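A short write-up of the structure that comes next.
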Amino acid sequence: MLNRLVGMFSGKDSEADPPARPAPAKAETAPARPPSVMRREAMLGRDQKVAGYTFMLRRSADEEHDPALPEVRRLYDETLLANLQGMDVSRLLGQRQAFIPIVPETLGHALIENWPAAGTVWLLKLDAETAIDAALLARVAALKAHGFGFALEFEGVTRPERHGLLQQADYVLMEVGSEDIPAITAQMAAVSKIAAGKRFVAVGVQTLEAFHMCHKLQFALFMGPFITRREHLGNPVVGPSRAKVLDLMNRVRTGAEQAELAAQFRHDPALSVRLLRYVNSPGMGLMNKVGGIEQALMVMGHDKLYRWLTLILFTGGQAQELDHAVLENALVRGRVAEQLAGRALFAKARDEIFVAGLFSLLDVVMHMPMDQVLKQISLPVEISEAILAQRGPYAPYVALAIACEQDDQSSIETLARAVNRDVADINRVHMDALLWAEQLSADV
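Under UniProt numbering, the first residue of the sequence shown is numbered 1, with each subsequent residue one higher.
Written out as structure tokens, the structure is:
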């Protein structure tokens, strides 16, 4: 495969704990409470690939504070920005956009002054009492001149006193969960009448059908559970390409001889080409080009071959909608779970934890119940139990990786204690995994 895949399978990127990097420069104002675990939500572009993320703080299930109170919202924004700075979010920007929700007052915060502009979109949270004055409009204009983007939610933006702010916005977020096409088109028309050329973001897209509806309405970005929604077919069938990959995985798992594996590869020319292209990529560092399947298998070895096949399982079948986005999400899960295990477990266990995290979305791409999917793959019981029953030694790591997409701080703190990790660890590993998965999936 291509160069960036090499590190994943060659051992060059398999450290249990990545080397420490210099801490990003701290702004003058520090958060007034301990770090919170960040939650991300992916935003897909019109090509159905991940275009960016919105980042939020998780709230505890017993959160009692009113987030609408100014002092609470100010503290929330400070903590959000400080956490993102601690995660070194600038590494993600440029390749992806980050939509960061803040109240307008936060635009004057010290943390904003040195924030990287490329890829940052400030999502301004307005309430009924938010005053839109000349000072705010001037501040937005100044930040836009430095390269920042701005987004607004549809609610209330058509009020006359907010027209000036709407005209400066780049994006307008619209809730589409109702799937009421006449109402949605009327809202889009109302915005365009005031300020033409805005890019619309569909929020709360529930199903693939709703995505298609919004796509036809010319939305630019799409958010919602549709990305990993399990929409199983009535009579799911594994296509021939994925069936071949599953067969090879099972043979590798049970210790098949090299000659047997080579014979199976020769029955699938396309898969053979992918293997040879990967083995001969510059990152492998081979002195001489590999021209045969048996030699390629010798170079790979069983462990690296198995891990390579797990990735091909997501992309080896007939292309399906959202496959690329699901693969990237699955890679993040696998990487987060693997890295959270760190040096607490042996390399073999970390590899299996990665597979458990990766396979936690395999039912989505194969459009069949997970128990049916796993019946076709020979897996260690620890992986199957972690995915199907959420129990066993690997389960806490996979659960933590999945929880990075959800919104309950209390459950994350409980899981983190179970694996002896703190919030700062989780945030760092999460950002590292987003970057790693973005680089990897870009080459698939």
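Note that beta-carbon positions come from the ideal geometry of N, C-alpha and C, so glycine has one too. Keep in mind that this is a model prediction, so the values were computed, not measured.
Collapsing the DSSP output to three states places E78 in a helix. A buried status is given to K304, since no fewer than 16 other beta-carbon atoms sit within 10 Å of its beta-carbon. Just measuring C-alpha positions, the residue of F200, V176 and E155 sitting nearest D170 is F200. The distance from the Cβ of M300 to that of W308 is about 7 Å, consistent with a contact at the 8 Å cut-off. Non-local C-beta neighbours of S272 in its own chain, meaning closer than 7 Å and more than five positions away in sequence, comprise F265, R266 and I293, ordered along the chain. For R162, the CB contacts under 6 Å within the same chain, skipping 5 residues up- and downstream, are I132 in chain order. Beyond the five residues adjoining it in sequence on each side, A341 comes within less than 6 Å, by CB distance, of R350, I353 and Y397 in the same chain, given in chain order. Pairing V332 with A437 gives a Cβ-Cβ distance under 8 Å. Residues H163, L166, Q167 and A169 of the same chain have their beta carbon placed closer than 8 Å to that of A195, with the five preceding and five following residues left out of the count. P393 sits in coil when the DSSP states are folded into three classes, being neither helix nor strand. If you ignore the 5 residues before and after G204, its C-beta comes within less than 8 Å of the C-beta of E175, V176, G177, M223 and G224, all in its own chain and listed in chain order. In this chain, M287 is not harboured by any beta strand (DSSP E), its DSSP state being neither H nor E.
Counted as a single uninterrupted DSSP element, the beta strand (DSSP E) harbouring R199 occupies residues R199 to V203. With a contact defined as Cβ atoms closer than 8 Å, G149 and T120 qualify at about 7 Å. At a Cβ-Cβ threshold of 8 Å, E405 and R96 do not count as neighbours. Collapsing the DSSP output to three states places M300 in a helix. Distances from the CA of L311 to each of G94, A42 and N329 were compared; the closest alpha carbon is that of N329. In this structure, the beta-carbon distance from L246 to G45 does not fall below 8 Å. Residue state for E175 is assigned as strand, using DSSP reduced to three classes. The shortest C-alpha to C-alpha distance from H302 to any of A256, T79 and V172 is the one to A256. For R39, the enclosing beta strand (DSSP E) has its first and last residue at M38 to L44.
Assigned with DSSP and collapsed to three states, F99 falls in strand. DSSP places M188 inside the alpha helix (DSSP H), whose first and last residues are I181 to I194. In chain order, A117 and A118 place their CB closer than 7 Å to the CB of G147, counting only its own chain and leaving out the 5 sequence neighbours on each side. The three-state reading of DSSP puts L400 in helix, counting H, G and I together.
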